[in-house]
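Heads up, the final residue of the sequence shown is numbered 752 in UniProt numbering, and it's a clean run with no missing numbers.
Working notes, structure below.
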Amino acid sequence: MRPVVSATPALLASVAVGRPVRGEFTYLVPEAIADKLAPGQRVLVPFGRGMALGFYLGPANAPVEGGVRLKPIQRVLEDSPSLPKDLIALLRFTAEHYRYPLGEVIRGALPPGLSTAVDEKEAKPDIQFFVEALVTEVPPQLARAPAQAAVLQYLLAVGGRAPLDEVTHAIPGARETLKKLATRKFVKWVEVTLQAGVREGLVQNRPDRLTPEQALAVKELQAAVDVGGFQPYLLHGVTGSGKTEVYLRAVEHTLARGLGSLVLVPEIALTPQLVGRFRSRFGGDVAVLHSGLKDRERLFHWQALRKGTVKIAVGVRSAVFAPVEHLGLIVVDEEHDPSFKQDEKLRYQARDLAVVRGKQASAVVVLGSATPSLETLQNTRSGRYKLMELKNRVDDRPMPTISLVDLRVERPREGQVTEEAPILSPQMLQAMEETVAKGQQVILFLNRRGHSTILLCEVCGLSLKCQDCDVCMTHHRSQNRVVCHYCGVAFPVPDRCRECTGPLLKLGIGTERVEAEVLERMPHARVARLDRDSATSAEKLTELLASFARRELDVLVGTQMVAKGHDFPGVTLVCVVMADTSLAIPDFRAAERTFHLLTQVAGRAGRGKDPGRVLVQTYNPDAEPVRRMLAHDFDGFSKQELEWRKALAYPPFARMAAVRLEGEHPEQTAGVARFLGNLVGRHMPPASAGVRLLGPALAPIARIRGKTRWQLLLKAPTHAALAPLLARLEAALADVPNGVKVVIDVDPGAML
């Protein structure tokens, strides 16, 4: 039953306002709407000199100071709450933990259509208009209406019924003509609701039997759902061991008990295939939530979940806020992936919030990965999470064999001139030729977009850098432009060096250059590229993945998007073009991410009946993540990395917060950084508390979009030890000049 505000004198409401302001605000509740209010509803409230979107959170508890004149809520914008009660609790935790205004947290969690101060409208499902002829031949009375006769003739020629878009595309101006024909009762318009389907190539049937390891994991999860209550699991399964089938069976059981399920994936790149599997199994009882959908689609899926007509939500990190009713199971697939951390506005970690939400909702939580994050691994070793393992691939398929290509040997040297190594070594090119000749497929992985990553002057040696950022411009040959991947500025490729007018060398390789090389060396092969430049929409991404799954392509060249848990049985060869791209990044997680990426992309090989091979090109064959990956040695890598993290007090053995500053004036920004550093230094607890301050210092990339960047890093054994310092920092932000932007990033995902 919907809770109602009791009829007492001076009814007061606690409201979060959808503006960048901290805290909750107290408003008067007019008697006319008192019986319409329920926690989680959107309301219109006066704020400042205008009106603002607000979120009613319940009766106000705190007494109002004397002399304060309260303003009334203007009106309620919806009949039923947008936010279920359990979601309000999660959003409150999110705002407090990540130091972000509650109203903005709530507004960001809502889909388009609910995130502005407008009355809620019912989102319509996907529809398509058809035109249907009501006659079997062109009637004589159309002899003097040649345009109408032509359109009707076309319609009869294609069988008497056709999509409206098809007719209007075939005959310009047909829409108005069809309206006239409909008025004369010669045709009628038919509206058809489109059912969510699965693109050909992405459908997957339910396997007849599970492996013994899968069966054990499914039994464990089903029992946990039956018992109820919060229970977090790590499902650690090697690539190709069938983790997705375990998720599907667990969701199946949860649905049978009348409970809802939430499944999170790291990026849109993984969504089409996983959605295909879920819709193959559960039909229309799956809501999809990600930014690649149209606004109307996102609102439609959100409303279906909120009403309880759909009980399964599949989506990217923002779907952690999906209003799933009676939540019984949460799955976080590829939980190690850095994409679960949002790095703008509200900087939250969706994997961690999924665990918090599971605890609040008394739901089972499954974190799945072939390469678990060290944070999750440590939680398992300390007994906070239960461990389930899938050590073998489905149908006892062998793990792919991995071979190394040492680019130090492959790089040609002629006299004193040192050239770049070939993009595709002879071994790699031969392996690709053999694989394609057998009718099998190849994935080429390089985590760099564009054609050339460096344009270097042959005379003075200076590289072409972005004028607003401390990074090199990337050459995109298809656009004949150089692009900064940080601020987005782009301009035509210059003919000469800016400084000395010397000729420019195009060095470094990106996926665009790899694709061009493959097309040149293997002209008979069908080649496509998967990166953020080629997959510019959800539709293009889905079609590309479906096309590869249907084996209409031989070679897929891509960035980390190709490593995201895809399952293509036709892929027997995976080539890592350059294994060193992330090793030199100034980040304590660089080795972990390199190991994860290489292992994940290698796991795309040999998932069908044919065994898989992996070729890894590298300049650093002795680097720890490369060496361990070659031996499929996750245990050895994680053990050594955890020892190093513990010695240096880095996560998972410490909690961190980064305070990032950026400003247009270098001196002013540096001054604010020193001011905040001194503030923290004055209030540091005793050394025995284990709290440490690193900085202030210039950020590794000291300038982006023309603004100077500084940062401070705080480390402590627990988040509770950090909280008082973060609260002081937050309070001090009111004294920071407008020219400097300061962001507090709790549990930062990257150090750049």
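Note that the Cβ used here is the ideal one computed from N, Cα and C, for glycine as well.
Predicted, not measured: the structure shown is a model, and the values here were computed from it.
Can you tell which of 463, 459, 453 and 516 has its C-alpha closest to the C-alpha of residue 485? 453
Check whether the region 97 to 112 touches the region 342 to 362, taking contact to mean three or more Cβ pairs, one atom from each stretch, closer than 8 angstroms. yes
When the distance is taken between beta carbons, is residue 535 closer than 8 angstroms to residue 541? yes
Entirely enclosed alpha helix (DSSP H) segments - the region 710 to 738, minimum 4 residues: 719 to 732
Based on DSSP bridge pairs, tell me the residues matched to residue 325. Looking at the DSSP assignment, residue 325 forms no beta bridge with any residue, so it has no partner.
Closest to residue 298 by CA distance: which of 440, 352 and 121 is it? 121
May I have the straight-line CA-CA distance separating residue 574 from residue 383, to the nearest angstrom? 36 angstroms
Have a look at residue 255 and residue 39 and give me their C-alpha separation to the nearest angstrom. 27 angstroms
Which whole-angstrom value is the C-beta distance of residue 263 and residue 333, which I expect to be below 8 angstroms? 7 angstroms
Would the region 317 to 336 and the region 125 to 138 be scored as touching if the rule is three or more Cβ pairs under 8 angstroms? no
Using the C-alpha atoms, what's the distance from residue 209 back to residue 718? 45 angstroms
Pick out whichever of 20, 428 and 677 has its Cα sitting closest to the Cα of residue 100. 20
Mind pulling the alpha helix (DSSP H) runs of 4 or more residues that sit fully within the region 621 to 678? 624 to 630 and 634 to 648
Flag this pair as yes or no: are the beta carbons of residue 250 and residue 222 separated by less than 8 angstroms? yes
Under the rule that 16 or more other beta-carbon atoms within 10 Å means buried, what is residue 231, buried or exposed? buried
Quick one: is residue 236 buried, meaning 16 or more other Cβ sit within 10 Å of its Cβ, or exposed? buried
Report the start-end ranges of each alpha helix (DSSP H) in the region 73 to 102 that is 4 residues or longer and not cut off at the edges. 85 to 97
How about the region 602 to 622 and the region 238 to 246: do they share at least three Cβ pairs that are nearer than 8 angstroms? yes
I need the DSSP call for residue 132, collapsed to helix, strand or coil. strand
Burial state of residue 401 (16 or more Cβ within 10 Å): exposed
Per DSSP, what are the beta-bridge partners of residue 751 in this structure? In the DSSP output, where bridge partners are listed per residue, residue 751 has none listed.
Burial state of residue 737, where buried means 16 or more other Cβ atoms lie within 10 Å: exposed
Tell me which same chain residues have a C-beta within less than 6 angstroms of the C-beta of residue 472, skipping the five on either side of it? 454, 463 and 465
Mark residue 432 as exposed unless 16 or more other C-beta atoms lie within 10 angstroms of its C-beta, in which case mark it buried. buried
Residue 547, enclosing alpha helix (DSSP H) - first and last residue: 538 to 549
Give the range of the alpha helix (DSSP H) segment to which residue 352 is assigned. 350 to 361
Going by C-alpha to C-alpha distance, which of 124, 179 and 129 sits closest to residue 151? 179
Return the residue from the list 595, 82 and 474 that minimises the CA-CA distance to residue 630. 595
Residue(s) in a DSSP beta bridge with residue 597: Bridge partners of residue 597: none, in fact.
Could you name the residues that DSSP lists as bridge partners for residue 403? 615
Roughly how many angstroms separate the alpha carbons of residue 57 and residue 41, rounded to a whole number? 8 angstroms
In chain order, what residues of the same chain lie with their CB nearer than 6 angstroms to the CB of residue 327, ignoring the 5 residues before and after it? 260, 361 and 363
Return helix, strand or coil for residue 318, following the three-state DSSP convention. helix
Taking its Cβ as the centre, do 16 or more other Cβ atoms sit within 10 Å of residue 561, making it buried, or is it exposed? buried
Residue 579 - DSSP class collapsed to helix/strand/coil: coil
Determine which residues share a DSSP beta bridge with residue 708 and list them. 663 and 703
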